[in-house]
Structures are given as C-alpha cells and as structure tokens.
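Undergrad: For the sequence shown, the UniProt record's numbering begins at 1 and goes up steadily by one.
To start, I am sharing the structure in question, which I have written as structure tokens.
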Amino acid sequence: MSYFSESSQINQSNKKCKTVSDLILLKFITVGWGKKETQFHGSEGKQAAQWKAAVLQPALPWDDRKPRITWRGDGQLFAVSAVCPQTGARKVRIWNRECVLQATSEVVNGLEQLLCWKPSGSLIASTQRHPNKHSVVFMEKNGLLHGDFTLPFGKEQVKVKELLWNSDSTVLAGFLSFSVQLWTVGNYHWYLKQSLHFGNEALRAPACVCWDPEKPLRLHLLTRGWASYTYNWGWSTQRSHGNDCHDNANVAVIDGDKILVTTFRQCVIPPPMCAFELQLPVPVNLVTFHSQAQRTNELAALTADGHIYVYGQGESYNLKLDSNITVDGFVISVCHGLRNGTVALQLDDGQIRKLSLTEWKDSTGNMINFPRPCVQTALCTLSGEEHLIGLTERSHLYIGDSLVASNISSFVVYDDFLLLTTHSHMCHCLNLSTLSIKGLQSALSSDANQNDETVRKVERGSRIVSVVPQDTRLILQMPRGNLETIHHRALVLAQLRKWLDRLRFKDAFECMRKLRINLNLIYDHNPTVFLDNIEMFLKQIDSINYINLFLTELKEEDTTTTMYPCPSRSASSSASGKGGKKVDIICDALQSTMETLDPQKYCLCILTSHVRKTTPELEIALQKVHELRGESLGSNSASAEEALKYLLFLVNVNELYEHSLGTYDFDLVLMVAEKSQKDPKEYLPFLNMLKTLEPSYQRYTIDKHLKRYRKALLHLSNSGEEHFTELLSLVKDQRLYSDALELYPSDSEQYKTLSVAYAEHLVEQQQAEQAGLLLWRCGENARALQAFISCTSWRNTLAVATHIPLPPEQLALLARDLAGRDLCHVCMFPTEIMNIRKPCCMSDSQKALFIRHKNRLAVVRELKAKARLELFGKQEILIRFIYIIRFFQRHCMCPLEEILHV
C-alpha cells in the first residue's frame with residue numbers, strides 16, 4: 001500500500017530544481033503492510049508477484065521534445081510535460097502556482113507530448129502509443145494513471161496534434177491531421193460522438209481549433225486556407241416516435257462507427273450495453289428514426305463521409321431525392337408530427353417554417369417564431385391546435401413564442417402527454433388535451449402541488465430518455481449514466497383507463513397489482529360495463545389468487561372521486577351501476593357467475609365473496625366447506641381442509657369457531673377447533689356435554705352460549721313444558737316478551753303467564769295502559785282494571801268495570817273517583833268546569849276537593865287555554881265531559897238538573 005508523505009518538505013530554492021530529480025513535495029512511500037509477493041493482485045494473477053520495475057524507454061522518435069504546459073481551471077496548479085535529460089523519457093510533473101513541485105508521474109512508456117488539464121480539475125489528458133494501439137490516457141494530480149480509451153485508428157495511422165477540453169469538462173476534442181473528433185464519457189465508457197473530416201487537401205486541413213470560453217458546446221475552427229467554421233452542438237436523445245404497441249421504444253447511441261440500439265420495451269440496460277449493435281464502415285454523426293406509423297422501428301444514420309445508411313426490419317431501401325426546396329437560412333432542426341403529418345423546420349435565428357416554407361401562424365393569423373434557437377423541438381396538439389415546443393440550451397421551454405418555463409432539463413411528447421424534468425428534481429406529466437398555454441405556465445410555475453398525480457420527485461440531474469408506448473414505463477438517465485425506470489402516476493392511470501375501456505382486464509389487473517394501484521378502480525371506472533362483462537373478467541384473470549385479491553380489496557369508497565379523479569370525466573359518470581351497497585353488488589355478481597361457470601374451480605373465490613360482504617355470511621361459507629367433505633375432488637377443486645385453512649386466513653379463528661358452533665355440526669366445529677389455538681381442554685368438555693342433550697335443548701344451549709337469544713328462545717320453546725320456567729327466566733332477562741308471545745297460542749296457560757310477566761314489565765316502564773290492555777286480553781280483568789285506574793284511562797277503566805261486572809255501588813264510586821281525577825288532571829275547557837254549580841251525590845271531602853280544584857283552574861285557565869285547545873280540541877273535551885255526566889246519571893240515579901245547573 002502506498003501513500004504520500006506530506007512531511008518531506010524541501011527547503012531548496014526553485015533554482016536548484018532545474019535539474020529535475022526525485023525530490024518532490026509528495027513522495028510515494030511504503031507503510032510496510034505486507035510484501036508484494038503476499039498481496040492480492042486482482043486480474044493480474046499470481047504472476048504479478050514477480051513484478052519488476054518497468055524499464056524506462058526514451059521518448060518516441062517523432063516527439064518534438066518540446067515541453068507542454070497546462071493549467072488547472074482554478075489556476076492553483078499546472079502540469080508540465082517534458083523530456084527528462086538523464087533518461088530521455090517524457091514525464092509529467094505537477095507544480096503549484098508558487099512553482100513548488102507537487103508530484104511526478106509514474107513511468108509511462110510511449111507518452112506523447114500532448115497535455116490538457118480538465119477544467120473541473122480532476123484529470124489530465126494526454127496520449128500514449130502502445131505497440132499495438134494508440135490511446136488517450138488520463139492522470140490524476142498526483143501523477144498516477146486513471147483510465148484511458150483507445151483511438152479508432154491503426155498503429156501509426158494518424159498523429160494527434162492537440163487535446164482540448166470544453167469549458168464545462170463534458171467534451172474532449174481531439175485535433176488530428178485532417179479531422180476533429182469529439183469524445184464524451186458515460187458509465188466510464190468513452191464515446192466518439194462527432195467526427196469532422198476535411199478531406200486530404202492541404203488547404204482544407206484544420207490549422208487551429210479552440211472551444212468557445214462562454215458557450216461550452218461551441219467550437220471554432222480555422223483551416224489552412226483561412227476558412228473559419230463555428231460549430232454549435234446540443235445534447236439530444238434519438239428515440240423512436242411511435243405511439244402504438246408495435247414501437248419497441250428504441251433509443252440509439254452513437255459510438256464512433258457503431259450505433260448502440262436499445263429496445264426499452266424488451267429490456268432496460270444502460271449504455272455502453274445495448275440490445276444490438278449496428279456496425280458501419282465510418283464514424284456516425286447523426287441518427288434518426290422513421291416517423292411513419294408501423295415503421296417507427298426503422299432508423300437512418302448519417303456518417304462522417306456524407307453517406308446515409310437506412311436500417312429496417314428485413315427490408316432493403318433505395319433512397320432517391322424526390323424534391324429540392326431552397327430555404328432562406330440555415331436549418332438547424334427538423335421535426336415531424338406523427339399524428340397530423342406536419343413537418344416543421346427551425347432556422348438558426350429561431351424562425352419556424354413548415355415544409356412548404358410557409359410561415360408558422362397561430363389561429364389568429366399572427367406569425368410565430370422561437371425567441372431564440374432551440375436544441376430540441378417537438379410537435380404537439382394543445383387544446384385542439386397544433387404547436388411547436390422547443391427547449392433551449394439554457395433550459396427555457398417555449399411553445400411557439402410563449403415562454404412556458406425556465407428550469408426544464410428535458411422533455412418528451414407522448415400521445416396526449418407532455419413529460420418534463422426540471423432542475424428542481426421534479427418530473428411533470430401534463431395532459432395537453434385539458435390544458436392551455438396559460439395552464440401549462442401555471443402548472444410549471446412552481447412545485448407547490450407536489451401531492452398531485454401529475455408531479456413526482458426524481459433523482460438530481462435526471463433526464464428523460466424514452467417512454468414505452470402503450471405502457472406505463474418512463475425511462476430516466478442519471479448524470480453518472482445509469483438508467484432508472486419509473487411509473488409516473490398520471491401515465492399509469494391514463495393507460496389503465498384505456499385498458500379498462502377496451503375490456504383488457506388482465507393487463508389492467510397485472511399493472512395495478514404490480515404498481516399497487518387500488519383494485520377498486522376496475523369497478524369504479526365504469527360499474528355498468530364491469531357488471532355486464534364479469535364472465536370476461538373471470539376468464540381473463542383466470543387465477544384464483546388474483547380474484548381473491550380483488551375481492552379482499554373491495555370497499556365502499558368510489559376511487560374515481562377520491563384517490564384517482566379523472567379531470568376529463570364528470571362525477572356522475574362514475575356512479576354505481578345498480579342501487580345498493582357496492583361491495584355486496586360485486587360479491588353477489590361474481591358469486592353467481594362463478595357458480596355458473598365452475599363452482600369447484602372457484603370454490604375459494606366463492607367463499608371469499610361470502611366473507612367480504614357488508615354483513616359476512618360466515619355460516620353459509622362454513623356450510624359450503626362442510627359440503628366439500630362429501631364431494632369428489634376434481635383436478636382444480638380445493639379440498640375441505642384447504643378451504644377451511646383459507647377461510648381461517650380471512651376470518652379470525654375464534655370468530656369462525658363461534659360461527660361453526662352455530663351450524664350445530666359438531667364435525668365442522670371440531671375441524672375449526674383443531675385449526676385454532678384453543679386448548680382441547682377448553683372445548684372438548686363443552687362439546688361432549690352438548691352431545692348428551694336433547695336436540696332442541698342442545699341447540700338452545702348453543703344459541704345461548706353464542707348470545708343468539710331469539711334463536712335460543714325458539715329452540716327452548718320446542719324443548720317441552722318442563723323447560724318453561726327457564727324460558728320465562730330467559731324472556732325476563734333479555735326482554736323478549738313479544739317474541740315469546742308469538743310462540744304460544746293465545747288461549748294457552750304459557751301465553752297467559754308470559755302476558756302477565758310482560759304487563760309487569762310495562763308497568764315498570766311507566767306504560768300502564770299497554771299493560772292493562774295486555775292483561776285484559778289474557779283474561780286478568782282485575783289486574784287490568786288496576787292498571788287502567790293507575791294511568792287514569794277512564795274509557796278502558798269503565799269498559800273493564802262493566803265487563804267484570806262490578807256492583808252498582810262500587811261502579812258509582814269508581815265513576816265519581818274517575819270524574820274527580822279527570823276533571824283535575826285532563827285538559828278541559830274551564831268554562832264547562834265553571835258551569836258545574838251544584839255537585840251532588842258527593843261526600844263532603846269530595847266537594848271540598850272539587851271546589852279547591854275549581855278555583856285553582858279558574859286562575860290559570862287563561863294561561864293554558866291555547867295549549868289545551870291545540871292538544872285536544874273542543875269537540876273531544878265536550879264528548880269526554882258529556883260521557884262522564886251521563887255515566888253519573890245512569891249509575892248514580894240523579895237527574896241531570898241536580899248535576900248541572902245551566
């Protein structure tokens with residue numbers, strides 16, 4: 001292991017360093033961690049243990065032996081490539097700005113004089129000739145080699161004159177004798193992206209090449225014939241533009257004389273890996289895909305020598321020039337719209353033209369141009385009108401001449417969606433059919449609505465590579481070169497709605513299951529269509545587990561209005577297809593269809609449909625499990641054990657045990673109990689006790705244990721008269737009087753006993769009149785009379801008294817008592833009371849009481865007159881009063897004139 005010693009400072013002056021020696025500020029030293037023979041050598045193998053120091057070779061014969069100097073971008077360090085006078089070999093030494101030697105490069109035989117320090121400060125580029133190849137090598141600031149790539153030339157075929165980094169360190173230019181090459185790196189692989197050939201004429205050969213200091217992708221070139229060229233480049237992703245399932249989502253990467261093609265529909269692999277390679281005879285400068293429907297997988301390549309190569313699917317092409325149109329300006333991009341067939345041209349000054357060279361105009365006739373040239377363009381339809389979208393090198397997104405956003409790093413138009421990534425690390429997916437230009441500006445002005453389905457966070461520096469047509473996958477590339485696949489929620493929901501509209505339930509279900517979309521959307525999207533095509537749904541899914549998963553996720557919520565609202569859909573369109581509860585409707589529909597198709601195959605699904613209802617039908621489910629024990633099993637059917645095990649997965653085992661007990665089937669109870677965590681000592685004694693009981697009393701005991709008291713009452717009534725006392729106790733405890741009365745005939749002794757008990761309960765509840773009626777009906781007239789008297793029900797009291805019958809004296813006394821109570825406590829008009837002048841046939845105490853109440857009512861009659869009138873009405877009061885007066889006349893043998901004095 002080697003490190004640098006920072007303590008070996010040299011105190012010699014810079015003049016003494018003119019004879020370059022090994023005295024440097026940072027020396028390679030060993031820290032004594034093992035020997036070379038015992039260390040791990042990786043791919044070099046064990047033979048590396050016998051490694052010997054490399055023999056220094058002098059500089060190459062064609063080396064001009066001149067020193068080269070290059071500065072780091074921040075000016076703190078500079079590197080010098082010079083030939084050592086002692087060894088004759090070329091070395092690179094790194095100095096700081098005070099001319100203190102920092103490091104000396106390791107031995108690099110065949111190192112050439114070229115030297116260029118990367119502006120970002122990480123690497124120093126140079127070239128090296130090997131016995132069999134020519135390479136560009138990179139060094140770190142400590143002089144150690146750090147990577148290389150091979151130039152696409154044979155041995156001693158060309159000479160590299162200069163290496164030039166652009167200002168942002170993304171492109172390395174190689175200046176050769178008659179050409180210029182541009183190299184970029186991604187995933188630790190160097191790609192030859194552009195190769196500019198100038199022929200073999202001396203006057204056309206480049207004499208000077210330099211990068212623009214302000215615009216990183218602008219290159220200036222001067223030929224020996226004093227011709228000046230300026231090249232402006234931009235980053236672009238060449239992808240196929242199809243919107244149907246025939247398009248493979250192809251993306252092409254230029255790598256010298258090869259085209260690396262990846263079909264993202266089949267695989268997602270980052271370059272330099274690819275699905276297949278296209279080998280060409282010369283380097284490629286441009287690639288584009290066919291824009292005609294059904295042929296979007298075909299591509300054409302423009303090579304450095306000016307030839308065009310077209311690759312299709314097993315077809316040969318003969319290209320010919322159909323027409324030649326003169327353009328007033330330089331065309332920097334061409335864009336074709338797949339939907340309308342429009343071809344748009346962009347000139348170097350931002351002007352937009354159609355293929356017919358007519359000016360691009362909006363609906364009002366105004367001419368539209370880009371304010372500045374755009375490096376990427378695409379056609380789209382916005383609110384029914386065709387627009388051209390452009391992205392500048394400074395991240396400004398324009399739609400025509402309108403600035404939409406100023407922080408866009410990449411975009412792509414797919415179907416009705418515009419997908420963008422921003423420098424704030426967000427990915428937007430906007431539906432163009434529902435937005436205007438102002439709507440787009442508002443949506444992209446800020447990332448405030450980060451919970452919206454149209455926005456999601458992405459990794460820093462992500463750029464859009466491609467969208468897989470008729471799918472939900474969006475491919476992003478990170479700054480370091482790796483790829484990531486995301487499923488943008490807006491794309492997912494749009495694709496799901498398409499699949500559901502086309503009744504492609506299987507595709508929709510698998511996507512929703514994989515991406516964890518709530519499965520209620522299958523029904524909520526269009527309830528009527530789903531219910532009409534349930535058989536198709538079952539046949540497409542064709543998986544018991546998937547159907548069970550669908551049933552278990554059902555809930556009453558309408559996901560199209562809560563979780564996944566569709567902006568282009570009205571709220572009424574998502575209403576339920578039928579009345580009733582949604583879960584019950586779906587369970588009943590699926591259950592009936594599955595029982596029609598194959599009840600054995602869908603046995604578990606039928607059980608799930610019973611359990612998942614709003615009121616779970618556990619007893620029915622258990623009964624179906626019980627029926628399976630006696631059936632012969634088919635190849636696709638589940639056994640009773642499997643069905644019970646599955647049922648226990650859906651329902652709590654203790655709850656299922658209670659319901660199995662409610663079926664009165666002890667074999668089924670034992671099956672469930674064995675699957676539970678209950679101790680056999682807990683349930684076996686109870687079951688054995690039940691088996692000893694008479695059937696009706698046995699069921700009563702079970703129902704009482706399960707607190708199903710109404711069923712228990714029914715079974716107990718069938719157990720015989722000897723259990724009537726227990727029945728009466730149950731009725732009183734659970735207040736099941738009405739249910740108990742329905743079980744016995746009205747002329748039975750049990751009915752009478754239950755009626756008396758019920759009446760006593762009603763009296764306790766302050767319902768004496770109802771208690772009296774019940775007692776009267778069962779023949780308890782005396783007790784009914786007392787109940788009616790207690791509640792001052794004078795009509796029922798007199799009727800029962802006449803029915804008994806009471807002696808005339810007792811009847812008269814009862815009538816007087818009722819009259820006194822009624823005149824005092826029922827609401828009568830005070831005028832009638834005041835007209836009673838001479839109450840005869842009354843005792844002295846009754847007269848005194850009558851007069852006292854008469855005087856009191858006279859005082860308050862004005863206050864209560866209105867309320868009394870509303871409650872009873874004058875007619876009812878007069879009828880009641882006349883009835884009592886006539887009763888007095890009939891039973892007291894007094895003339896009416898003695899009772900009333902009008």
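The beta carbon of each residue, even a glycine, is placed where N, CA and C say it ideally should be.
Could you say which of 343, 328, 255 lies nearest to residue 335 if we only look at CA atoms?
TA: 343
Undergrad: What's the C-alpha gap between residue 680 and residue 657?
TA: Going from the Cα of residue 680 to the Cα of residue 657 covers about 13 Å.
Undergrad: Pull up the CB-CB distance for residue 483 and residue 491, whole angstroms please, since I reckon it's below 8 Å.
TA: Wrong, their Cβ atoms sit about 17 Å apart, outside the cutoff.
Undergrad: Please report how far the alpha carbon of residue 553 lies from the alpha carbon of residue 744, in whole angstroms.
TA: Rounded to the nearest angstrom, the two C-alpha atoms are 47 Å apart.
Undergrad: Just the C-alpha distance for residue 350 and residue 232, rounded to the nearest angstrom, thanks.
TA: 14 Å
Undergrad: Among 71, 118, 106, which has the Cα closest to the Cα of residue 99?
TA: 71
Undergrad: Using DSSP's beta-bridge definition, name the partner residues of residue 278.
TA: 259
Undergrad: Using only the alpha-carbon positions, how far apart do residue 777 and residue 584 sit?
TA: 45 Å
Undergrad: In three-state terms, what does DSSP make of residue 659?
TA: Residue 659 falls in the helix class under three-state DSSP.
Undergrad: Across the stretch 144 to 151 and the stretch 164 to 172, are there enough close Cβ pairs to call them in contact, namely three or more that are closer than 8 Å?
TA: no
Undergrad: With H, G and I counted as helix, E and B as strand and the rest as coil, what does DSSP make of residue 206?
TA: strand
Undergrad: Name the two residues that bound the continuous beta strand (DSSP E) containing residue 508.
TA: Segment 505 to 515 is the alpha helix (DSSP H) holding residue 508; no beta strand (DSSP E) there.
Undergrad: Less than 8 Å between the C-beta atoms of residue 712 and residue 730, yes or no?
TA: yes
Undergrad: Run the CB neighbour count on residue 174, radius 10 Å, all protein chains shown included, and call it buried at 16 or more, exposed below.
TA: buried
Undergrad: Pop quiz: residue 236 and residue 248 are said to be a contact at Cβ under 8 Å. What is the actual Cβ separation, rounded to whole angstroms?
TA: Rounded, the Cβ-Cβ distance is 19 Å, inconsistent with contact.
Undergrad: The ligand ATP and residue 160: does the residue's C-beta get closer than 7 Å to at least one heavy atom of that ligand?
TA: Annotation note on the ligand ATP: not contained in the displayed structure, which lists no ligands.
Undergrad: Determine whether the beta carbon atoms of residue 619 and residue 581 lie at a separation below 8 Å.
TA: no
Undergrad: Entirely within the stretch 673 to 738 and at least 4 residues each: give me those alpha helix (DSSP H) ranges in chain order.
TA: Qualifying alpha helix (DSSP H) stretches, in chain order: 680 to 691, 695 to 705, 709 to 717, 724 to 734.
Undergrad: What does the Cβ neighbour count give for residue 551, buried or exposed, with the cut at 16 atoms within 10 Å?
TA: buried
Undergrad: Mind checking which residues open and close the beta strand (DSSP E) that includes residue 104?
TA: 101 to 104
Undergrad: Within the stretch 90 to 166, note down every full beta strand (DSSP E) run reaching 3 residues or more, in order along the chain.
TA: Entirely contained in the stretch 90 to 166, the beta strand (DSSP E) runs reaching 3 residues are, in chain order, 90 to 96, 101 to 104, 124 to 129, 134 to 139, 145 to 150, 162 to 165.
Undergrad: Does the beta-carbon of residue 738 have 16 or more other beta-carbons within 10 angstroms, so that it is buried, or is it exposed?
TA: exposed
Undergrad: If residue 207 and residue 178 are in contact, beta carbons under 8 Å, what's the gap, nearest whole angstrom?
TA: Wrong, their Cβ atoms sit about 11 Å apart, outside the cutoff.
Undergrad: Between which two residues does the beta strand (DSSP E) containing residue 62 stretch?
TA: Run containing residue 62: none; DSSP gives neither H nor E here.
Undergrad: Taking Cβ to Cβ, would you say residue 286 is nearer than 8 Å to residue 311?
TA: no
Undergrad: Short check: CB of residue 282 to CB of residue 322, under 8 Å?
TA: In this structure, residue 322 does not lie closer than 8 Å to residue 282 by Cβ.
Undergrad: According to DSSP, is residue 484 helix, strand or coil?
TA: It is a strand residue.
Undergrad: Can you list, in chain order, the residues of its chain with a C-beta nearer than 8 Å to that of residue 507? Leave out the 5 residues immediately preceding and following it.
TA: 499
Undergrad: For residue 660, does the count of other Cβ atoms within 10 angstroms reach 16, so buried, or fall short, so exposed?
TA: buried
Undergrad: Within the continuous beta strand (DSSP E) that includes residue 603, where are the two ends?
TA: Counting along the chain, residue 603 falls outside any beta strand (DSSP E), though it belongs to the alpha helix (DSSP H) covering 603 to 611.
Undergrad: Let me check one thing: in DSSP terms, what residues is residue 426 bridge-paired to?
TA: 457
Undergrad: Where does residue 624 sit, in a helix, a strand or coil, going by DSSP?
TA: Correct three-state label for residue 624: helix.
Undergrad: Going along the chain, which residues of its own chain have a beta-carbon closer than 7 Å to the beta-carbon of residue 696, five neighbours each way excluded?
TA: 715, 718, 719
Undergrad: What does a CB cutoff of less than 7 Å around residue 701 pick up in its chain, not counting 5 residues either side in sequence?
TA: 690, 693
Undergrad: Does DSSP put residue 180 in a helix, in a strand, or in coil?
TA: Under the three-state reduction of DSSP output, residue 180 falls in the strand class.
Undergrad: Determine the closest residue to residue 817 out of 798, 641, 804, with distance taken between C-alpha atoms.
TA: 798
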